[in-house]
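So the sequence shown is numbered by my numbering: it starts at 9 and just counts up by one.
Note that the Cβ used here is the ideal one computed from N, Cα and C, for glycine as well.
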Amino acid sequence: MAVTVGLFLLSAATLLFEITLTRVFSIGQFHHFAFMIVSLALLGSGASGTFLTIFPPHNRRRSAQIPVQGSWGFALAVVASYVFINWAPFDSFRVAHDWRQGALLACHYLALAVPFFCSGMVTGLLLSVRPGQAGRTYAANLIGSAIGCLLAVVSPSLLAEEGALLLSTAFALAAAIAFGWRTAGPGRPVRRLPHAATRAILQCAMLALVVVAAWRPPTFLALRMSPYKSLSYLMLYPDAVRVFQRSNGFSRVDVVRSNSIRSLPGSGIRCSTGPPAQLALTVDGEDVSPISHISPGLSELPVTDCLLMALPYRLRPGAHALVLEPRGGFDVLVALAEHAQMVTAVEPNALVIQAVREQGAWAGNLYDDPRVRVVQDDGRAYVRRTEQLHDLIVLSLTAGQRTVTSGAYSLGEDYRYTVEAFEDYLARLDDGGMLVVMRWLQIPPSESIRAFALAAEAIERTGGDAQSSLMALRSYQHMLILARRGPFTERELATVRAFAAERSFDLVYLPDLRPDEVNRYNILPEPVYSQACSALLSAESREDWYRGNAFNIRPPTDDRPFFGNFFKWRQAADALALAGHVWQPFGGVGYLVLLALLALAVVASGVLVLAPLFLKQSEARQRERPASAALSYFALLGVGFFFVEMPLLQRFVLFLAYPAYAMAAVLFALLLFSGIGSAISQRVPIRLALALLLVVVIAYALVLPTLFRAALSASLAVRLGIAVLALAPPGLLMGIPFPRGLARLAQSAPGLVSWAWGVNGAASVVASILATLLAFDLGFSAVLIGGALCYAGAWFTVRLLGPPLERPRP
């Protein structure tokens with residue numbers, strides 16, 4: 009029992025550490041590093057299989073010591089590795105042209121793999137020395153991991169990210185105490201009582217000290233932020249003061265006060281009026297959103313007259329506006345200053361709402377204004393749920409400006425900018441209502457043209473005419489897109505022309521735009537934006553037009569929701585030529601970093617896991633014939649598990665709105681039900697479980713989009729419940745093949761059990777990165793089907809592991 013409790017606690021610590029690390033990288037570096045954490049965890053686990061195969065414990069005493077030592081090693085490595093990456097951060101902007109940064113990144117990679125190596129060694133050892141209890145052991149591992157997922161969501165709100173890391177250390181120390189109480193046999197303690205009592209007191213004192221430190225982390229553990237983060241730049245202002253900082257399970261929100269802060273998105277070159285005094289709000293240290301100093305009950309603000317965002321309110325006076333993700337509230341402020349009758353502000357992050365409200369009268373009590381209704385919810389979920397029609401739906405610009413290369417910023421999904429999302433927005437517009445989208449300008453045109461293409465596709469899919477229902481104009485930095493429900497009227501087009509001329513905004517697209525009307529004020533060598541929009545709408549084959557474009561600007565869908573990914577494979581040579589010459593992480597070749605990581609994963613898996621194990625296999629080839637079958641079977645399970653888990657993680661981001669909630673909920677449900685499946689695995693025929701997995705995973709690839717559309721309008725609590733229940737069938741089935749296969753292997757070739765653990769981990773390292781790459785090019789459904797095919801392959805190879813085990817009698 010003590011062993012089971014210890015493994016449960018250590019597994020909870022491991023997943024808590026893993027998920028908290030994704031938050032640490034999102035805040036300290038950039039969000040696109042977070043996916044590396046999964047491969048780090050799997051690399052450490054795979055390497056532990058190598059260690060156990062080459063250096064197996066030769067006696068019972070050594071087997072009893074390893075879990076205690078592994079737990080202590082994990083606890084110490086968590087703190088040491090975090091201190092190392094925090095105080096010796098690598099510079100992703102220099103890594104393309106400074107080999108030392110690449111070496112430092114490799115050191116980070118290896119340092120962070122050490123804790124996972126320690127916990128993986130404990131799990132692998134317990135599986136190998138107790139093969140008859142593989143189901144119970146694997147169940148404790150998976151269910152403990154599921155609890156760690158829940159802790160990862162709750163703990164940052166109470167302890168911040170640094171405290172959550174120390175909490176994982178505390179769980180590992182508790183696991184060491186539990187393992188120390190294990191017995192060698194019934195009633196025979198492994199330790200002598202006086203020494204054990206002293207050791208237990210010291211361990212409990214250490215545990216108490218770590219718990220106290222988690223509540224009040226020491227200053228040397230404070231998370232350091234990349235100097236390239238927006239928040240780091242803000243804090244360089246001489247008078248900069250941080251007035252707000254809070255964390256929750258999926259974000260850290262900061263507010264900075266400085267007299268130097270000025271933000272006026274969408275302003276024109278004739279804008280002579282400056283913005284009011286402002287605070288800067290950041291989420292995870294990025295994407296500055298202003299909180300403006302205004303008087304309560306604001307009715308006029310002269311500066312809004314020279315903004316692109318004023319135009320929709322001139323076309324729809326007294327509008328009922330829906331503003332999605334307003335962050336600091338600038339778009340809400342513009343709506344009120346332009347005499348909107350009612351504004352509904354839907355902000356998914358409760359900390360953002362709290363940060364704005366805490367500024368009180370200084371910020372005009374903006375989110376408590378009687379004309380403003382603030383809803384804390386995901387924008388798409390709210391739009392699906394509400395029956396109210398709006399005059400304007402404003403999709404706030406929350407992202408900072410990016411250069412258009414194959415940058416690392418392209419590695420995240422954004423479900424606000426998909427064809428299905430735009431269809432939802434258009435469905436909640438009144439007749440003549442408008443969807444308002446503002447995006448940054450880039451050369452060559454990419455981000456703004458993709459948003460324009462999104463609007464065109466959505467209008468046509470809802471039965472409208474894109475050529476007569478779209479318009480666009482630009483300032484020197486931004487492009488405003490209006491998608492109308494129904495064709496624009498001549499009066500509205502005249503208003504647009506007058507508005508643009510008075511403020512020196514350039515017309516990009518109007519249904520009746522003349523060539524002499526474009527590129528008048530913010531003059532470019534060629535009117536590339538106008539040409540691109542007109543060509544897109546007039547192309548005989550839009551697919552051919554997308555295919556012929558230099559960048560990937562095809563509208564994203566919910567199956568491939570990567571709005572920031574403009575990469576095409578034919579760009580690879582140009583991207584490499586530009587490496588280190590553009591101001592982006594990894595020198596502007598962020599997409600290609602996935603390929604580099606995949607190659608690194610393959611090499612590392614071979615060197616650290618497969619090569620030593622193949623040497624071990626060759627020495628015992630005659631004694632352990634199922635080696636090739638074990639390689640195939642456990643590799644297929646490793647790839648299959650992650651080909652199912654990774655797309656489910658990303659798909660549920662849409663359904664649950666928050667990436668951290670999606671990660672925690674999906675991992676919790678899959679691991680919990682997989683643990684239950686492992687516990688009952690001896691009672692389920694292994695080939696039946698694999699056959700059912702094939703059917704269930706393919707069905708989920710086809711059915712999940714329909715389920716999400718039907719249930720997206722439900723409350724978050726209901727959606728969480730649906731998510732957990734929906735993941736029960738695949739979770740239960742995914743927990744059966746590994747322990748059942750391990751038990752078969754232990755019967756026919758016990759020396760290969762640790763090797764099988766390593767093979768599974770090695771395959772999972774590769775699969776975690778390969779699944780992300782395939783999702784970019786083929787979509788989530790294709791990756792899920794790939795996972796189903798892996799389980800089909802396992803169905804064919806399982807018979808080669810050894811004879812079926814006898815089912816226990818009831």
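Taking the C-beta atoms as reference points, Ala677 is found nearer than 8 Å to Leu735. Collapsing the DSSP output to three states places Pro246 in coil. Counted as a single uninterrupted DSSP element, the beta strand (DSSP E) harbouring Gly441 occupies residues Leu437 to Trp448. Following the DSSP letters along the chain, one finds Met487 in no alpha helix (DSSP H) but inside the beta strand (DSSP E) bounded by residues His486 to Arg492. Note that the C-beta distance between Val130 and Leu15 is below 8 Å.
In this structure, DSSP gives Glu395 a state outside helix and strand, which the three-state scheme calls coil.
Residue state for Met317 is assigned as helix, using DSSP reduced to three classes.
Rounded to whole angstroms, Leu29 and Leu656 show a C-alpha spacing of 20 Å. Per DSSP, the beta bridge partners of Tyr517 are Ala480. DSSP, reduced to helix, strand and coil, places Ala547 outside both helices and strands of the structure shown, so it counts as coil. Non-local beta-carbon contacts of Val364 in its own chain, meaning distances under 8 Å to residues more than five positions away in sequence, involve Leu289, Ile299, Gly336, Gly337, Ala371, Leu374 and Tyr375 in chain order. Within the same chain, and ignoring the five residues on either side of Ser476 in sequence, the residues whose Cβ sits closer than 6 Å to its Cβ are Pro495 and Pro519. When the five nearest sequence neighbours on each side are left out, no beta carbon in the same chain lies closer than 7 Å to the beta carbon of Arg555. Taking the Cβ atoms as the reference, Gly769 lies roughly 12 Å from Ser127, outside the contact range of under 8 Å. In this structure, Val774 lies near Val610, with their beta-carbon atoms less than 8 Å apart. Of the candidates Thr406, Leu728 and Phe642, the residue whose Cα lies closest to the Cα of Leu675 is Leu728. Cβ neighbours of Ile27 within its own chain (closer than 6 Å, five residues either side excluded): Ala160. Excluding the 5 residues flanking it on each side, Ala21 has same chain C-beta neighbours closer than 6 Å at Ser176, Phe179 and Ala180, in chain order. The region 477 to 490 makes contact with the region 437 to 447: 3 or more CB pairs, one atom from each, lie closer than 8 Å. Within its own chain, the residues whose Cβ lies closer than 8 Å to the Cβ of Gln349, once the five positions on either side in sequence are excluded, are Gly326, Ala327, His328 and Arg379, listed in chain order. Taking C-alpha positions only, Trp803 is separated from Ile706 by approximately 15 Å. Secondary structure at Arg528: coil, using DSSP grouped into helix, strand and coil.
In this structure, DSSP gives Ala348 a state outside helix and strand, which the three-state scheme calls coil.
Ser483 sits close to Leu316, with the two beta carbons spaced by under 8 Å.
Among the bridge pairs identified by DSSP, Pro97 is matched with none. Gln286 sits away from Ser303, with the two beta carbons spaced by 8 Å or more.
A Cβ-Cβ distance of about 17 Å is found for the pair Val13 and Ser71, leaving them out of contact under the 8 Å criterion. Looking at the DSSP output, Gln77 sits in no beta bridge, so it has no partner there. The three-state secondary structure of Gln141, taken from DSSP, is helix.
Contact check for Val806 against Ile694 passes: the beta carbons are separated by less than 8 Å. Judged by DSSP in its simplified three-state form, Thr12 adopts helix. DSSP places Thr780 within a helical segment (H, G or I) once states are collapsed to three.
Contact annotation, Val251 with Thr281: C-beta distance approximately 26 Å; criterion of less than 8 Å not satisfied. Looking at the DSSP output, Glu294 shares a beta bridge with Val291. Secondary structure of Ile299 (DSSP, three-state): strand. In this structure, the straight-line span from the alpha carbon of Arg522 to that of Glu534 is close to 15 Å.
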